[in-house]
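*Asks:* Top line first, the protein sequences correspond to chains A and B. For the first sequence, counting from 1, position 180 maps to 180 in our numbering; every step adds exactly one. For the second sequence, counting from 1, position 168 maps to 168 in our numbering; every step adds exactly one.
2 protein chains.
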Amino acid sequence: MRAINRFNVLDTIRRAGSIARIEISDRTQLSTTTVSAITASLLDDGLILARTEGDLREAAARGRPRVMLELNPDAARVVGAKIAANRMVFVVTDFRGEVLSTLTLALRVDRQPIGVIADLIEDGVRRCVVDANLALDEIDSVCLGLPGVVEHRTGHVRTSPIFRETGVDFAKEMSERLGVTTIVESDAHAITLAHHWFGKARDLDDMVLVSLEQTLGLGVLHGGQLFRGAGGLSHNLGDLVLGMGPQGIIRLASLAGESAILGDQPSGRFAEAIRLGRGMAHAKTLIDAEDNTLISAAIRAGEACGMALANIVTLFAPPRVILVGSSLALGQPFLDSLREAYSLAIPPSIRGVTELVFDQSTDETWAQGAAVVALRELYESPWGTTGPAPAL
Amino acid sequence: MRAINRFNVLDTIRRAGSIARIEISDRTQLSTTTVSAITASLLDDGLILARTEGDLREAAARGRPRVMLELNPDAARVVGAKIAANRMVFVVTDFRGEVLSTLTLALRVDRQPIGVIADLIEDGVRRCVVDANLALDEIDSVCLGLPGVVEHRTGHVRTSPIFRETGVDFAKEMSERLGVTTIVESDAHAITLAHHWFGKARDLDDMVLVSLEQTLGLGVLHGGQLFRGAGGLSHNLGDLVLGMGPQGIIRLASLAGESAILGDQPSGRFAEAIRLGRGMAHAKTLIDAEDNTLISAAIRAGEACGMALANIVTLFAPPRVILVGSSLALGQPFLDSLREAYSLAIPPSIRGVTELVFDQSTDETWAQGAAVVALRELYESPWGTTGPAPAL
DNA sequence: TTATTTAATTCGCACCCCGTTAAAAATACC
DNA sequence: GGTATTTTTAACGGGGTGCGAATTAAATAA
């Protein structure tokens, strides 16, 4: 019970950024007595800091000025990473989730053996930590966000476009290499939490996020918690079936995946751009130059996404859906056809329930989301004292 | 906190049927002390009963014999109902969810004004209660399971095939008529809970149920709780989009809904059978007689369902999916094509995660499920005392 | 009959939260 | 400077919760 209240208080402080005890007791419905006790213990553990200035009540602040409380940035450091097929982005953040250093590695890792990928990630983590003027043993936790189907609880990667192998115990592997607790999570879940903490869902505890990257992913926030499916699996939208064609099953990925839009051939005109991770940006340039093949591919992809989106909204009926990912960079043809297909496909009975939001976050935001996954677990840890100081 | 533990203990007793305190403390991880206190209060409130006999440990029972605890059937009575377009089924159950009386009314209610439907339901409830040798004021709660999109929390029916109107405050309406707390819930949710309590998901706290009736519904059980979407909406599978045809959007309902299979025309050859609620049974007879039109309709419907099912499994990855509903009565052509389409459409990455189970429950089971919805709310109510007797 | 075994209860302890009250702290107003 | 105002801390009593140790209860085995 204390643990729950502690978490709530800590989370209230995080959301507010800077807040007085009175406000906390107001928002959490806890008595000021209790809030005082909990904040005292949080101060004691060094998780929060008190600041005297900064009382921003309207002019007439008569009585004793409030003491503002805020997270102690130095209470913990974590590493978050977005691992994609053609690039890796690492960030080190402080306890608030604020980025301390960033590192982007533009290199193609898919189809590499797992040992090589692990090597590269290990290297990236270590370099990014050094860039933040830290040592690895000052890092409390690492979280890797990667595409594919990931079992969060066990760190088991069932399938991922970046691995040739299936069923990899990647969290274990990386924990051993780094000597730091390492969590593996789907990249879509990471960006979902990033939006919950910092982005376009700060005000909502229920929402759905659809990520349109090389892989098509889904994040569902339900009561402030990620909905992780029964077994803690992530959702792989690309596998959704959109219909039956002459060649058999038509999956969303085959219409709206990156390779479906840009073409898959290693000799294709995008091969070079893709290798450099600039595929979508390049495509945008061509679309602006009225390249008809690409425009029609973008339109097809938008239609497919719009229909899949309508199905997801039919199932979850969230107040807001956030769309993210590199495909958004395709611009008007894609977005317009998506919107049109969506509004055609959305059933009348839930029309108006859901608001559609597009967001083009940087890769850094995704990595930051991974850091948030790690931080959330730290927030819920019992930490130092849970009550009076332990007996000596 | 007590409330939570009380509910857990009560639910443990329900699941076991008959169980000793020690076992409860074993399963709930509560201390025997706490279990004793809670069971004492439950006994005090008359929610459970103690029975000395019935200690079924293996032969050598040395020490003090266990006192078995079980639900007190008389602690409460509820009415559950399944309201369909061509029939209504009511049950009265005791506190355990055991059926005390049943009433089936075969009558077509869709397209009737809402007042008429309410009249019929009111009548059915009253008659079924009388059949159980009870008076209405001995009923603690009523739950109506009906097809369509229902907001459970408010009892608001957004759309339903049995109402011409949209946005009906049906719970309020019926509560006032009956003078008994009345809950409105989607029929799919009702049958989901029925399977959780009594049927093919007794052993699981996570599963998905798909109901193939006139309307296509979905129930998702997550951690023993119904997943009700963000706003408490139910899920209407019929609105799922399966592709784009020459006539525009193709929805699941247009391929696999009852009217899609049997034909919609009032002058059709099924008109009479449908009116009597025997549509599917009649269809089965014709299929057995090798009626090719029907067989191909059944196959089409099966394919559509199989594909939609694969999408749902892709999203939720439950350990088990239960399929229920009148369409199952179509037999081999339908089931085979469903299974085939499903196994074709299910992505390889989660193959083997989910087990498919078919179940042809009677209408009574659906109504019983509605009763379970009502009972679960009673279980969570604070009831009489929450601790020592209230001060006089 | 006595010892043994197992189940259930009683009792005391620690904890947690709340409300009230009082006191201390830090400012603005007069 | 004194006074009013507001936030924060501290102290006390009351009620609740859960747990462990000791105790009682009820049966069987020797």
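Glycine included, C-beta positions come from ideal geometry on N, C-alpha and C.
1) To the nearest angstrom, how far is it from the Cα of B:Arg15 to the Cα of A:Glu151?
2) Determine the burial state of B:Asn236: buried for a count of at least 16 other Cβ atoms within 10 Å of its Cβ, exposed for fewer.
3) My assumption, with CB atoms under 8 Å, is that A:Leu309 sits in contact with A:Val210. Please give the rounded CB distance.
4) Does the distance from the C-beta atom of B:Asp239 to that of A:Ser349 stay below 8 Å?
5) Can you list, in chain order, the residues of the region 156 to 176 of chain B whose Cβ is nearer than 7 Å to any Cβ on chain A?
6) Under the DSSP definition of a beta bridge, which residues are partnered with B:Val35?
7) Pair every Cβ in the region 255 to 264 of chain B with every Cβ in the region 214 to 221 of chain B, then say whether three or more of these pairs are closer than 8 Å.
8) On the criterion of 16 or more Cβ atoms from any shown chain inside 10 Å, does A:Asp187 qualify as buried, or is it exposed?
9) Roughly how many whole angstroms lie between the Cα atoms of B:Val324 and B:Ala194?
10) Write down the C-beta distance between A:Ala85 and A:Arg108 rounded to the nearest angstrom, noting that I regard them as a contact closer than 8 Å.
11) DSSP has B:Met88 in a bridge; who is on the other side?
12) Please decide whether A:Pro347 counts as near chain B, where near means a Cβ-Cβ distance under 8 Å.
13) With the cut-off set at 8 Å, would you say A:Gly155 and A:Ile83 are in Cβ contact?
14) Smallest Cα separation from B:Ala304: which of B:Ser327, B:Leu315, B:Cys143 and B:Arg6?
15) Taking 8 Å as the threshold (beta carbon to beta carbon), is A:Ala59 in contact with chain B?
16) Consider the Cβ of A:Phe316: report whether some Cβ of chain B lies at a distance smaller than 8 Å.
17) Taking a cut of 7 Å between CB atoms, which residues from the region 122 to 152 of chain A lie near chain B?
18) Tell me the DSSP secondary structure of A:Glu70 in three-state form.
19) Taking only the alpha-carbon atoms, compute the straight-line gap between A:Thr34 and B:Val220 and give it to the nearest angstrom.
20) Taking only beta-carbon positions, decide if B:Gly257 is within less than 8 Å of chain A.
21) In terms of residues, what are the limits of the beta strand (DSSP E) holding B:Thr215?
22) Starting from the N-terminal side, write out each stretch of the alpha helix (DSSP H) that is 4 residues or longer and does not extend beyond the region 188 to 257 of chain A.
23) Please report the straight-line C-alpha distance between A:Ala59 and A:Pro333, rounded to a whole angstrom.
24) Along chain B, in chain order, which residues have C-beta atoms closer than 8 Å to that of A:Asn311?
25) Quick one: which unbroken beta strand (DSSP E) runs of 3-plus residues sit fully inside the region 300 to 324 of chain B? Chain order, please.
26) Along the beta strand (DSSP E) that carries A:Arg111, what are the first and last residues, could you check?
27) Please list the partners that A:Ile249 has in chain B, where partner means a Cβ-to-Cβ separation under 7 Å.
28) First and last residue of the alpha helix (DSSP H) that includes B:Phe334?
29) Applying the criterion that 16 or more other CB atoms from any shown protein chain within 10 Å of the CB defines a buried residue, is B:Arg158 buried or exposed?
30) If we count the other Cβ atoms within 10 Å of its Cβ and call it buried at 16 or more, is B:Pro65 buried or exposed?
31) Quick one: residues in its chain with C-beta nearer than 6 Å to the C-beta of A:Ala297, no 5 flanking neighbours on either side, listed in chain order?
32) B:Val353 CB to nearest chain A CB: under 8 Å?
33) Since B:Asp206 meets chain A, which of its residues come closer than 9 Å, beta carbon to beta carbon?
34) Throw me the rounded Cβ distance for the A:Gln368 and A:Thr93 pair, which I believe falls under 8 Å.
35) Does A:Asn236 have its Cβ less than 8 Å from a Cβ in chain B?
36) Can you tell me which of the three DSSP states A:Ala289 falls into?
*Replies:* Straight from the coordinates:
1) 29 Å
2) buried
3) 6 Å
4) yes
5) Arg158 and Thr159
6) Its beta-bridge partners do not exist; DSSP assigns none.
7) yes
8) buried
9) 12 Å
10) 7 Å
11) B:Ile83 and B:Leu105
12) yes
13) no
14) B:Ser327
15) Confidence is the limiting factor: at A:Ala59 the pLDDT is only 48, short of 50, which leaves the residue's position unreliable, though a coordinate-based value still follows. Judged by the 8 Å Cβ criterion, A:Ala59 is not in contact with chain B.
16) yes
17) Val149
18) strand
19) 38 Å
20) no
21) Unbroken run through B:Thr215: none, as it is neither H nor E.
22) 252 to 256
23) With a pLDDT of only 48 at A:Ala59, under the threshold of 50, the placement of this residue in the model should not be trusted; the figure read from the coordinates follows. If I take the Cα positions, the gap works out to 51 Å.
24) Leu240, Val241 and Asn311
25) 320 to 324
26) Note, A:Arg111: premise wrong, no beta strand (DSSP E); not H, not E.
27) Leu344 and Ala345
28) Gln332 to Ala345
29) buried
30) exposed
31) Ile261
32) yes
33) Gly229, Ala230 and Gly231
34) 6 Å
35) yes
36) coil
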